[in-house]
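**Student:** So the working numbering is basically just the index in the sequence shown, starting at one, shifted up by 71. Think of the CB as a built atom: it goes at the ideal place given N, C-alpha and C, for glycine as much as any other residue.
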Amino acid sequence: MSTTRLFEPLTLLHGAPMRNRFMLAPLTNQQSELNGAASAFDQDWFRQVARSGYGLVHTAAAHVEASGIAFERQLGIHDDDQLPGLRQMASAIREGGGLSSVQLHHAGHRANPRLGGIPAPASTRTLPGISALTTEEVERIRDSFISAAKRAQLAGFDGVAPHGAFGWILSEFMSPLLNDRKDKYGGSIENRARLTIEVIEGIRRACGADFQIGWRLSVERYGLRLEELREIVWEILGRELIDYLDLALWDSAQIVGTGTFRGKTMLSVFTEIPRGGVRVGTAGKIMSAKRCAELLDGGCDFVLIGRAGILERDFPLRVKANPLHESPKPPVTAQYLREGGLSERFIMHMRGWESFVQPGSV
Ligand SMILES: Cc1cc2nc3c(=O)[nH]c(=O)nc-3n(C[C@H](O)[C@H](O)[C@H](O)COP(=O)(O)O)c2cc1C
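What follows is the structure, encoded as structure tokens:
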């Protein structure tokens with residue numbers, strides 16, 4: 072096991088190569104303006120991570136429709152008025168030498184009415200008194216993902232990554248528990264995956280051959296069936312519809328507990344699929360140089376850094392300087408995060424994450 076490979080470039084099917092194997096994971100931090108425009112705090116954060124040696128930097132989940140919002144002060148990409156802020160972010164990342172990608176998000180049935188969200192469930196049974204989206208409404212949301220990708224391209228981003236994890240709309244549609252539709256978007260797994268595939272294909276058509284498309288996927292909870300997801304991933308990788316698959320695990324070492332793949336690592340269920348030119352990586356408790364290198368040895372092409380990147384903005388540079396580097400262990404004090412460059416809004420958001428900020432620290 073060596074950390075050298077982490078710093079080798081990685082070509083993607085479209086657009087420029089990554090300079091190394093580190094991606095900054097999408098990290099919601101609730102520091103945008105109330106209308107979804109990027110704030111001075113967002114720009115400050117992106118200036119910091121742009122200088123931190125990542126091969127590719129994801130934005131936080133950016134909502135593709137005003138009514139698809141989940142969080143207060145969430146970044147938005149649903150309006151051309153948001154372009155100037157997005158442009159500034161994209162240029163900061165480019166100047167730092169990394170690729171940039173906007174995570175495209177719609178909260179689906181979890182859209183928050185307190186913030187102007189309109190809950191948009193796949194099934195009528197999901198939320199009492201709220202009807203399932205009509206077929207036309209699903210198509211409108213699909214087109215909003217595609218328009219948002221176009222906006223990201225106009226702003227100068229290298230690509231986008233539709234958010235297909237954590238029960239948000241694309242993963243909601245994939246789930247037999249949350250999707251009991253009778254139209255072309257429900258029923259068989261092919262139909263439940265249709266929204267995701269139409270979003271991906273639509274983005275490729277709208278944004279052309281140089282634009283990069285990632286896909287973030289949850290493979291458990293929300294009623295999702297691992298065996299089915301494996302089939303869909305097989306198809307999407309086989310047809311080379313995307314540039315990279317980001318497996319949104321909470322623990323990259325997770326073992327499958329039930330079903331056909333019981334006892335295998337969750338990662339191997341996907342890394343064993345023929346991937347053509349598509350790149351595959353994962354997130355989940357990747358907190359040391361050693362763990363990054365192990366994951367590359369275990370079949371990943373890249374790693375996604377989440378909490379370690381909040382604890383130390385320059386995690387990739389530290390790994391480069393020291394092949395034995397380990398991230399500090401949370402909880403940390405608010406002052407530690409402040410000194411590291413986090414805004415008060417970001418720190419407030421982190422107080423909501425279990426065991427991350429020391430309770431009572433100011
Ligand atoms: C503060 C915070 C915000 C997050 N926001 C997002 C998000 O906007 N979109 C997303 O797909 N995942 C989000 N995640 C999940 C991370 O991208 C990552 O997959 C997860 O934290 C596991 O990686 P880690 O163990 O390195 O933190 C968030 C995680 C954290 C800690």
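Going by beta carbon distance, what residues of the same chain come within less than 8 Å of Phe216, once the five residues before and after it are set aside?
**Tutor:** Cβ neighbours of Phe216 beyond the five flanking positions: Val135, Leu175, His177, Pro233, Val270, Gly273, Ile274.
**Student:** If distances are taken between C-alpha atoms only, which option among Met358, Lys391, Ala364 comes closest to Lys400?
**Tutor:** Nearest C-alpha to Lys400: Met358.
**Student:** Closest by CA to Arg76, which one among Arg384, Ala364, Gly411, Leu413?
**Tutor:** Among Arg384, Ala364, Gly411, Leu413, the Cα nearest to that of Arg76 belongs to Ala364.
**Student:** Does DSSP put Tyr315 in a helix, a strand or coil?
**Tutor:** Of the three classes helix, strand and coil, the one that applies to Tyr315 here is strand, per DSSP.
**Student:** Let me know if Asp151 comes out buried or exposed under the rule of 16 or more other beta-carbons within 10 Å of its beta-carbon.
**Tutor:** Burial call: exposed.
**Student:** So what does Pro402 bridge to, in DSSP terms?
**Tutor:** Looking at the DSSP assignment, Pro402 forms no beta bridge with any residue, so it has no partner.
**Student:** If you run the structure through DSSP and keep just helix, strand and coil, what is Pro155?
**Tutor:** Helix.
**Student:** Within 10 angstroms of its Cβ, does Met421 collect 16 or more other Cβ (buried), or is it exposed?
**Tutor:** Buried, because 16 or more other Cβ atoms sit within 10 Å of the Cβ of Met421.
**Student:** Where Asn91 and Gly126 are concerned, what is the direct C-alpha to C-alpha distance, given to the nearest angstrom?
**Tutor:** Spanning the two alpha carbons is a distance of roughly 5 Å.
**Student:** Among Leu308, Pro190, Ile164, which residue has its Cα nearest to the Cα of Arg202?
**Tutor:** Note that residue 202 is Ser in the sequence shown, not Arg. It is Pro190.
**Student:** Which same chain residues, not among the five before or five after Leu300, have their C-beta less than 8 Å away from its C-beta?
**Tutor:** Contacts found: Met245, Leu288, Val290.
**Student:** Closer than 7 Å: is that where the CB of Trp305 sits relative to any heavy atom of ligand 1?
**Tutor:** False, no ligand heavy atom lies under 7 Å from that Cβ.
**Student:** Buried or exposed, going by whether 16 or more other CB atoms sit within 10 Å of the CB of Val433?
**Tutor:** Result: exposed.
**Student:** Ser339 and Tyr293 look like a contact to me (Cβ under 8 Å); what is the Cβ gap, rounded to whole Å?
**Tutor:** Rounded, the Cβ-Cβ distance is 22 Å, inconsistent with contact.
**Student:** With Pro387 as the anchor, note down where its alpha helix (DSSP H) starts and where it stops.
**Tutor:** Looking at the DSSP string, the run of the alpha helix (DSSP H) that includes Pro387 is 386-392.
**Student:** Return the residue from the list Ile284, Asn100, Ala226, Ala220 that minimises the CA-CA distance to Ala87.
**Tutor:** It is Ile284.
**Student:** Determine the extent of the alpha helix (DSSP H) in which Gly309 is found, giving its start and end residues.
**Tutor:** Looking at the DSSP string, the run of the alpha helix (DSSP H) that includes Gly309 is 297-309.
**Student:** Going by DSSP in three states, Val433 sits in which element: helix, strand or coil?
**Tutor:** Here Val433 sits in coil by DSSP.
**Student:** Are there any heavy atoms of ligand 1 lying less than 7 Å away from the beta-carbon of Ala319, as far as the coordinates show?
**Tutor:** Yes, the beta carbon of Ala319 sits closer than 7 Å to at least one heavy atom of ligand 1.
**Student:** Output the boundary residues of the beta strand (DSSP E) element that contains Ala133.
**Tutor:** Where Ala133 is concerned, the enclosing beta strand (DSSP E) stretches over 127-134.
**Student:** What would DSSP say about Thr342, mapped onto helix, strand or coil?
**Tutor:** Looking at Thr342 - three-state DSSP - the assignment turns out to be helix.
**Student:** What does the alpha-carbon distance come out to for the pair Lys221 and Cys278?
**Tutor:** Near 6 Å, if we compare the C-alpha coordinates of Cys278 and Lys221.
**Student:** Go ahead and label Leu366 buried or exposed: buried means 16 or more other beta carbons lie within 10 angstroms of its beta carbon, across all protein chains shown.
**Tutor:** The residue is buried, with at least 16 neighbouring Cβ atoms inside 10 Å.
**Student:** Looking at Gly377 and Leu98, is the spacing between their C-beta atoms short of 8 Å?
**Tutor:** A contact, by the Cβ cut-off of 8 Å.
**Student:** Buried or exposed for Pro192, please, with buried defined as at least 16 other CB atoms from any protein chain shown within 10 angstroms of its CB.
**Tutor:** Label assigned to Pro192: buried.
**Student:** Quick one: is the Cβ of Ile357 within less than 7 Å of any heavy atom of ligand 1?
**Tutor:** Yes, the beta carbon of Ile357 sits closer than 7 Å to at least one heavy atom of ligand 1.
**Student:** Please return the same chain residues whose Cβ sits closer than 6 Å to the Cβ of Ile240, not counting the five positions on each side in sequence.
**Tutor:** Result list for Ile240: His177, Gly179, in chain order.
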